[in-house]
Amino acid sequence: MLIPITTVAELGMLVRATRRSQGVRLDDAAGSAGVGPVFAGEFERGKESVQLGLVLKLLDEVGLQLKVDVPDKALAELQALQAKGLRPLPRRRSNKVGSV
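Residue numbers (our numbering): 31 to 130.
Below, the structure written as structure tokens:
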């Protein structure tokens with residue numbers, strides 16, 4: 031089912047409902063997604079200033095996909111940019127310090 035999302039709070043509530051329907055604890059979902067449980071909880075409660083990259087990790091962890099309804103004119107422009115060889119920046123790797 032496609033559900034229109036217009037706020038961070040709506041998206042956070044959807045993630046919470048999905049996670050809870052799977053019987054997954056907040057800290058377990060956060061750990062599996064590589065984000066902190068405080069961040070995950072704040073996002074689920076609708077904190078507006080969340081990092082999109084971390085939100086995408088949580089969405090992936092609970093099996094949700096973010097899709098954008100793109101107007102035809104913008105899609106044509108996107109295809110033109112791609113034809114010029116422009117690509118999104120590569121995903122940065124985490125700089126976590128491991129234990130020795």
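Positions of the beta carbon are idealized from the N, C-alpha and C atoms, including for glycine.
Please classify residue i as buried or exposed, where buried requires at least 16 neighbouring CB atoms within 10 angstroms.
{"i": "Glu107", "result": "exposed"}
{"i": "Leu91", "result": "The sequence shown places Glu at residue 91, not Leu. That one is buried."}
{"i": "Arg49", "result": "buried"}
With a Cβ-Cβ cutoff of 8 Å, do residue i and residue j count as a contact?
{"i": "Phe73", "j": "Val54", "result": "no"}
{"i": "Val45", "j": "Val80", "result": "no"}
{"i": "Ala70", "j": "Ala60", "result": "yes"}
{"i": "Lys87", "j": "Gly64", "result": "yes"}
Can you give me the start and stop residues for the alpha helix (DSSP H) that residue i sits inside?
{"i": "Glu107", "result": "Asp102 to Ala113"}
{"i": "Val92", "result": "Leu82 to Val92"}
{"i": "Thr36", "result": "Where Thr36 is concerned, there is no enclosing alpha helix (DSSP H), given that its DSSP letter is neither H nor E."}
{"i": "Asp58", "result": "Leu56 to Ala63"}
{"i": "Gly66", "result": "First-last for Gly66: undefined, no H or E at that position."}
Compare the C-beta of residue i with all C-beta atoms of chain C and state if any pair is closer than 8 Å.
{"i": "Val92", "result": "In the displayed structure, chain C is absent; only one protein chain is listed."}
Using CA atoms only, rank isn't needed, just tell me which of the options is closest to residue i.
{"i": "Glu40", "options": "Leu105, Met31 and Arg75", "result": "Arg75"}
{"i": "Gly83", "options": "Gln109, Val100 and Pro120", "result": "Pro120"}
{"i": "Lys77", "options": "Gln112, Met31 and Met43", "result": "Met43"}
Considering only heavy atoms of the ligand GTP, does any lie closer than 7 Å to the CB of residue i?
{"i": "Thr37", "result": "Inclusion of the ligand GTP in the displayed structure is not the case, the ligand content being empty and no account of it being possible."}
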